[in-house]
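Everything below concerns the one structure shown next.
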Ligand SMILES: NC(=O)c1ccc[n+]([C@@H]2O[C@H](COP(=O)([O-])OP(=O)(O)OC[C@H]3O[C@@H](n4cnc5c(N)ncnc54)[C@H](OP(=O)(O)O)[C@@H]3O)[C@@H](O)[C@H]2O)c1
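Residue numbers (this note's numbering): 87 to 341.
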């Protein structure tokens, strides 16, 4: 198991509390888990792939794993209750897990179950996990809810209508939660990812950012107390949306 060199030294990350990372078994979430644990931050890693979870736990004593299917929405409050009981020190939730299917609505392979599954994992699960953990987070001096979104939450990709809609939904949910938490000590953060080299993007796109660098920039943004973290080329999105929305739409439609 390898990760690129990172400057997440223990001293710099001392301000970050025990952190839940969903989608910790692959791609960006795996890198986040390794870098945070490498910097001395206890991580609670969630995913379905038990071999990958075992490998993460073997890599660092600071990683505790919970196997869970985030599409099983009704089980999520109990999962959070168990985590809080086992780790009362938990103070940060990174909603990173996600799936992207190539789903044309007029395709024979598209049905209600596939649509529902993608919406559940990408949008409903982060909302339910947030809701379940919020009372615990609000009782802390400082805490974080961090939602990982995408450029496709700004404008859609032709072949990923459902995914794009879930990421736009997660963007707005993040903004709404931020307004609700105005008077609270919970920091609500959106992390917009560009195209990152992970299993999700295997075989498509070029000029991808490495997952290690994406995770590093996310952690740097948290340490700098930024509430909008736009990783890599995602930093251009607000400018493009304002000044060249047609260009942005054309770029993202191709995906
Ligand atoms: N890669 C990109 O270019 C890119 C761009 C913009 C945004 N993002 C966002 O970044 C996040 C991470 O993506 P990635 O590229 O690192 O993807 P990835 O390598 O495909 O990893 C996805 C993770 O989500 C977990 N997951 C999927 N379905 C799950 C379920 N039902 N229950 C529990 N966990 C589930 C997987 O774990 P298990 O298989 O173990 O369940 C895996 O750890 C996603 O939210 C994605 O939308 C990625």
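By construction, the Cβ of each residue, glycine as well, lies at the ideal position given by its N, Cα and C atoms.
* **Cross-strand partners of residue 291 (DSSP beta bridge)** => Paired residue(s): none; residue 291 is not in a bridge.
* In its own chain, which residues sit with a C-beta less than 6 angstroms from the C-beta of residue 222, not counting the 5 before and 5 after it? -> 170
* Opposite residue 184 in the DSSP bridges: which residues? -> In the DSSP output, where bridge partners are listed per residue, residue 184 has none listed.
* To do: Confirm the yes/no value for this check: CB of residue 186, any heavy atom of ligand 1, distance under 7 angstroms.
  => yes
* Is it right to say residue 161 is buried, meaning 16 or more other beta carbons lie within 10 angstroms of its own, or is it exposed? -> exposed
* Of the residues 180, 187, 314 and 177, which one's Cα is nearest the Cα of residue 341? -> 187
* Neighbour-count burial assignment, residue 113, 16 or more Cβ in a 10 Å radius -> buried
* **residue 169: first and last residue of the uninterrupted alpha helix (DSSP H) it sits in** => 162 to 172
* Asked: Is any heavy atom in ligand 1 found nearer than 7 angstroms to the beta carbon of residue 250?
  -> no
* To do: Report all residues from its chain with a CB closer than 6 angstroms to the CB of residue 242; omit the five preceding and five following residues, and keep chain order.
  => 250
* To do: Classify residue 177 as helix, strand or coil using the three-state DSSP reduction.
  => strand
* To do: Per DSSP, which residues does residue 316 bridge with? Please list them.
  => 278
* To do: Return the first residue and the last residue of the beta strand (DSSP E) that residue 153 is part of.
  => 149 to 153
* Asked: Run through DSSP, which three-state label would residue 191 get?
  -> coil
* Asked: Do the CB positions of residue 280 and residue 317 come within less than 8 angstroms of each other?
  -> yes
* Three-state secondary structure assigned by DSSP to residue 112 -> coil
* **residue 88, buried or exposed, once every other Cβ within 10 Å from all chains shown has been counted against 16** => Bear in mind that a pLDDT of 42 at residue 88, under 50, signals an unreliable position, so the model cannot answer this.
* Compute the Euclidean distance between the alpha carbons of residue 211 and residue 329, then round it to the nearest angstrom. => 34 angstroms
* Rounded separation between residue 198 and residue 214 - CA only -> 21 angstroms
* Meets three-Cβ-pair contact criterion under 8 angstroms: the segment 262 to 280 and the segment 218 to 237 -> yes
* Asked: From which residue to which residue does the alpha helix (DSSP H) around residue 205 run?
  -> 198 to 205
* Element boundaries [beta strand (DSSP E), containing residue 229] -> 229 to 236
* **Per-residue DSSP class, three states only, for residue 105** => strand
* Start-to-end residues for the alpha helix (DSSP H) that takes in residue 301 -> 297 to 309
* To do: Consider the C-beta atom of residue 143 and the heavy atoms of ligand 1; say whether any pair is separated by less than 7 angstroms.
  => no
* Please state if the CB of residue 309 and the CB of residue 98 are separated by a distance shorter than 8 angstroms. => yes
* Rounded to whole angstroms, what's the CA-CA distance from residue 201 to residue 321? Just pull it up for me. => 30 angstroms
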